[in-house]
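Structure, as structure tokens:
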Amino acid sequence: MTTKKTCTQLREVAIELGDCRLCQGCVDLNPDVFEWDDNLDMPYVCRSQVTEEEVQDIMNSCPEGCIVFVDC
Ligand code: SF4
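Going by our numbering, the first residue of the sequence shown is number 0, and it counts up by one from there.
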């Protein structure tokens, strides 16, 4: 039997913009973590310290897998 570990520690999240297809999915799903830069026309991280749980869904659903942890 496997047990699921829930991590409540804060981690540093980032967007790998080179692969981003600008779908705005991250901004729609986590507007308190990701915002849209209207000048550059791309998403950016507005709050980089997050729990894994907070960004789990967008990490799994970003079409290009651009949402990554950069702290390890
Ligand atoms: S969900 Fe992924 S591909 Fe879409 S805008 Fe966000 S980072 Fe880019």
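Using N, Cα and C, we set each Cβ at its ideal position, and we do this for glycine too.
Measure how close the beta-carbons of residue i and residue j come, nearest whole angstrom, since I'm counting them as under 8 Å.
{"i": "ARG10", "j": "ASP70", "result": "5 Å"}
{"i": "ASP36", "j": "ARG46", "result": "That pair is no contact at about 15 Å."}
{"i": "LEU21", "j": "ASP40", "result": "7 Å"}
Within the continuous alpha helix (DSSP H) that includes residue i, where are the two ends?
{"i": "ILE28", "result": "Going by the sequence as given, residue 28 is Leu instead of Ile. Looking at the DSSP string, the run of the alpha helix (DSSP H) that includes LEU28 is 24-28."}
What are the start and end residues of the beta strand (DSSP E) that includes residue i?
{"i": "ARG10", "result": "9-14"}
Thinking C-alpha only, which one of the options is nearest residue i?
{"i": "ILE14", "options": "THR50, GLN8 and GLU34", "result": "GLU34"}
{"i": "PRO62", "options": "GLN48, GLY24, GLN8 and GLU53", "result": "GLY24"}
{"i": "VAL44", "options": "ARG20, GLU52, VAL67 and GLN8", "result": "VAL67"}
{"i": "THR50", "options": "ASP36, CYS22, ASN29 and LEU39", "result": "ASN29"}
request  = Go through the stretch 32-68 residue by residue and report every complete run of the alpha helix (DSSP H) that reaches 4 residues or more, in order.
outcome  = 51-60
Nearest-residue set for the ligand SF4, Cβ under 7 Å from any heavy atom = ILE14, CYS19, ARG20, LEU21, CYS22, GLN23, GLY24, CYS25, VAL26, PHE33, PRO42, ILE57, CYS61, PRO62, GLU63, CYS65 and ILE66
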